[in-house]
Every structure is written in structure tokens, then in C-alpha cells.
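J.: All letters in the sequence shown, in the order written, are residues 111 to 246 by my numbering.
Heads up, the beta-carbon is just placed ideally off N, CA and C, and yes, glycines get one too.
Here it is: the structure, laid out below.
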Amino acid sequence: MSGWLPKSPKARRRLTLLAAIAPVLALAVGLTLWGLSDSISFFYTPSQADAAKPPVGRTVQLGGLVEAGSVLKHPDGRVEFTVRDSLAADRIVFQGDLPDLFREGQGIVATGAYREDGVFQAKQVLAKHDERYMPR
């Protein structure tokens, strides 16, 4: 027997029990966090995205305020606009119907990926609203 182990049998049982439970508990926490990773929703602001530099093609969420005068609607249904925070701005291209609450100066969160040219290609655009929102 080593000198660092407790001398009493009761203390040794507790130590053995702790040694058996700790890895199981760590595995359970790890699996829970891994399982929730798709449910945990956070977004980059343009300045955070510039600093983090997400790889081209990786799906991320980008959020900020739609810059005034930046919305450009094309006849084919494509919409381009700029989202900005206090430090940076990113161009977003989206093909589809925008939410009813989408407008310049409004907060949005877009899900998509950066292209090679640095433009954010959105698959989904969600408009943020305050606590006073009332559905129609």
C-alpha cells in the first residue's frame, strides 16, 4: 500500500467511490453539452466575426442592425443589405422572403456562411423585436 492512501477503510471506500463517480459525471456533463450544442444559439456581431474569422462555408449566425440606405432588392428575389455594430459592418445576401419586422435600423440575426469574397450568404433571416411586440 502507498503512503498517500487513507488508513481507515471507511475513507478508502469514499475515495474509491469518488474515483468511480467522477469520470461518469464528467462524461455525462460532456455528453449533455455536446447534445445541446445545436440548441445553444449565439451570434457574432460584425466586429466579433471580423476578429474570429469563421472559415468560409461554416454555418454561423451574424447579428446586428440593418444599416439605413443599405437594402437593395433585386427582381429575382435576392436581397442585399448591410448589418453593422458600433465597430464594423458586413454585407449580407439573402434569397427569399424577409420577415415582416425587417426594416432599416431594425436588429436582425442571419444564419448562413461567409463566401470566398467575404460576403455573408444567409439561408435564414430573423428580425429581432422588443418586449412590446404584438402579433397582427
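Would you report the Cα separation of residue 124 and residue 134, rounded to the nearest angstrom?
T.: Cα to Cα, residue 124 sits roughly 16 Å from residue 134.
J.: Using a Cβ-Cβ cutoff of less than 6 Å, which residues in the same chain neighbour residue 220 once the five nearest sequence positions on both sides are dropped?
T.: So the list reads 172, 202, 232, 235, once near-sequence residues are dropped.
J.: At which residues does the beta strand (DSSP E) containing residue 270 begin and terminate?
T.: Here the chain covers residues 111 to 246 and nothing more, so residue 270 does not appear.
J.: Is the segment 164-171 touching the segment 187-199, taking contact as three or more C-beta pairs under 8 Å?
T.: No, the segment 164-171 is not in contact with the segment 187-199.
J.: Using CA atoms only, rank isn't needed, just tell me which of 153, 158, 214, 117 is closest to residue 222.
T.: For residue 222, the nearest C-alpha among the options comes from 153.
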